[in-house]
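Numbering (our numbering), first residue to last: 589 to 928.
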């Protein structure tokens, strides 16, 4: 591939997806992905993408300079274990919107931050990455980005860089979140601790504990503090930006009232959505990861699959976490709910 001849074509074609950022070479790695590939992939990560996808590597400044205008860009920030992938899938509406499920380029930027990148450099690269993600799959479409929840620390910068973007802050109720981690056993607990370490580095854990205190806390206490860190951030952003721009939503409301949720999100994002058809479609009737049948009843049954010992600890940790939140003035029910 000759960069001089293909630069503008790649820069302006949304099927060339900005997959990775390489800070060592200040380059963007692109993959050529049809819309059907996005639709089939659980996440747009290498694990779920074709290994033989055509690739191109371009200097960041060159590709941004050659790119065109932006589509409307909006966000689903989330706590994890809250049906966020389901919601992102719901925005696969041709001629209206496309949902992007956890683009890795944003993970690369937060990883770069964790390795010591400066705030001005991060802002410059983040702005360009968002610009490249905001290329509509067809004319007139909006782009709805669901970042990984490790990106939440960058949510304030993302909203500052994109002042026209709206966002929904999606979270699982605390006991639901803890139950999901408990059901996943060792791997769920390891994932949660990895997230906690990153939150600690991002300065999100302001609950009055010394770092050494965390060594004396159980896995589920650490998980609860990680949930509170995200929740406190969501609350702050909802208050700072107001309900015209940022709304909050809990996973149980999403699952129980999908048509109402999609109608309200259509209003928030300025989209003309057929909410009833979306609610009856595959995003809400098939599991986002297994693609088997899904329903609110099935999710309720899944929540019951927690052992008695874990259930007892979850109850105790939830009471403890509520006391921690109260001491820090963090409401357990977030303000500016999407639905009342």
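Where is the CB? At the ideal position from N, CA and C, for every residue including glycine.
Bear in mind that the values here come from a model prediction, so they are computed numbers and not experimental data.
### Query
Would you call the stretch 814-827 and the stretch 646-662 touching, i.e. three or more CB-CB distances under 8 angstroms?
no
### Message
Whole angstroms are fine: how far does the CA of residue 850 sit from the CA of residue 652?
### Response
The residue given as residue 652 occupies position 64 in the chain shown. The residue given as residue 850 occupies position 262 in the chain shown. Cα to Cα, residue 652 sits roughly 33 angstroms from residue 850.
### Task
Would you please state the rounded distance, in angstroms, between the beta carbons of residue 894 and residue 809? I believe it to be under 8 angstroms.
Your numbering for residue 894 matches position 306 in the chain shown. Your numbering for residue 809 matches position 221 in the chain shown. Not confirmed; about 16 angstroms, so no contact.
#### Entry: Rounded distance between the beta-carbons of residue 834 and residue 757, thought under 8 angstroms
Here residue 757 refers to the residue found at position 169 when the chain shown is read from its first residue. Here residue 834 refers to the residue found at position 246 when the chain shown is read from its first residue. Indeed, because the Cβ distance is near 7 angstroms, the residues count as touching under 8 angstroms.
### Query
Helix, strand or coil: which one does DSSP assign to residue 875?
By 1-based counting over the chain shown, the position of residue 875 is 287. Coil, per DSSP.
### Message
Quick check on the DSSP output: what are the complete alpha helix (DSSP H) runs of length 4 or more inside the stretch 876-916, in order along the chain?
### Response
884-891, 896-916
### Message
Out of 917, 839, 913, which one is the CA nearest neighbour of residue 673?
### Response
By 1-based counting over the chain shown, the position of residue 673 is 85. Ranking 917, 839, 913 by Cα distance to residue 673 puts 839 first.
### Pick from 623, 750, 705, 708 that is closest to residue 729, judged by C-alpha positions
On the chain shown, residue 729 is found 141 positions in, with the first residue counted as 1. Of the listed residues, the one whose Cα sits closest to residue 729 is 623.
### Task
Might you give, ordered along the chain, the residues of its own chain that have their beta carbon closer than 7 angstroms to the beta carbon of residue 589, omitting 5 neighbours on each side?
Numbered from 1 along the chain shown, position 1 holds the residue referred to as residue 589. Only weak support exists for where residue 589 lies, its pLDDT of 44 falling under 50; the value from the coordinates is given anyway. These residues qualify, in order along the chain: 644.
### Query
Within this structure, are the beta carbons of residue 702 and residue 789 separated by less than 8 angstroms?
For this step, residue 702 is matched to residue 114 along the chain shown. For this step, residue 789 is matched to residue 201 along the chain shown. Against a cut-off of 8 angstroms, the Cβ pair of residue 789 and residue 702 comes out as a contact.
### Task
Could you tell me which of 660, 805, 888 sits nearest to residue 750, measuring between CA atoms?
Position 162 of the chain shown, counting from 1, holds the residue named residue 750. Nearest of 660, 805, 888 to residue 750, Cα basis: 660.
### Task
Throw me the rounded Cβ distance for the residue 602 and residue 723 pair, which I believe falls under 8 angstroms.
Your numbering for residue 602 matches position 14 in the chain shown. Your numbering for residue 723 matches position 135 in the chain shown. Rounded, the Cβ-Cβ distance is 4 angstroms, consistent with contact.
#### Entry: Proximal residues to residue 861 (C-beta, below 6 angstroms), its chain only, five neighbours per side dropped
Sequence index remark: in the chain shown, residue 861 carries index 273 (1-based). If we look at residue 861 and ignore the five residues flanking it on each side, its Cβ neighbours are 850, 854.
### Message
With distance defined between alpha-carbon atoms, name the residue in 785, 694, 774, 719 nearest to residue 743.
### Response
Within the chain shown, residue 743 is the residue found at index 155, counting from 1. Per the Cα distances, 694.
### Query
Should residue 539 and residue 909 be called a contact, given that it needs their Cβ atoms to be closer than 8 angstroms?
Outside the displayed span of the chain (589 to 928) sits residue 539, for which this structure offers no information.
### Task
Please name the residue or residues paired with residue 702 in a DSSP beta bridge.
As a working mapping, residue 702 is identified with position 114 in the chain shown. Partner(s): none; residue 702 has no beta bridge.
### residue 607 - partner residues in DSSP beta bridges
Within the chain shown, residue 607 is the residue found at index 19, counting from 1. Residue 607 pairs with nothing; no bridge assigned.
#### Entry: Cβ neighbours of residue 917 in the same chain (closer than 6 angstroms, five flanking residues each side left out)
Stepping through the chain shown from its first residue, residue 917 is reached at position 329. Counting only Cβ-Cβ distances below 6 angstroms, and skipping sequence neighbours, we find nothing.
### Separation of residue 882 from residue 875, as counted between CA atoms
For this step, residue 875 is matched to residue 287 along the chain shown. For this step, residue 882 is matched to residue 294 along the chain shown. If I take the Cα positions, the gap works out to 5 angstroms.
### Query
How many Å lie between residue 762 and residue 907 at the Cα?
Taking the chain shown and counting its residues from 1, one reaches residue 762 at position 174. Taking the chain shown and counting its residues from 1, one reaches residue 907 at position 319. So the two alpha carbons sit approximately 10 angstroms from each other.
### Query
For the putative contact between residue 738 and residue 786, defined by C-beta atoms under 8 angstroms, what is the C-beta separation to the nearest angstrom?
Within the chain shown, the letter at position 150 stands for residue 738. Within the chain shown, the letter at position 198 stands for residue 786. Contact flag correct, Cβ pair sits at about 6 angstroms.
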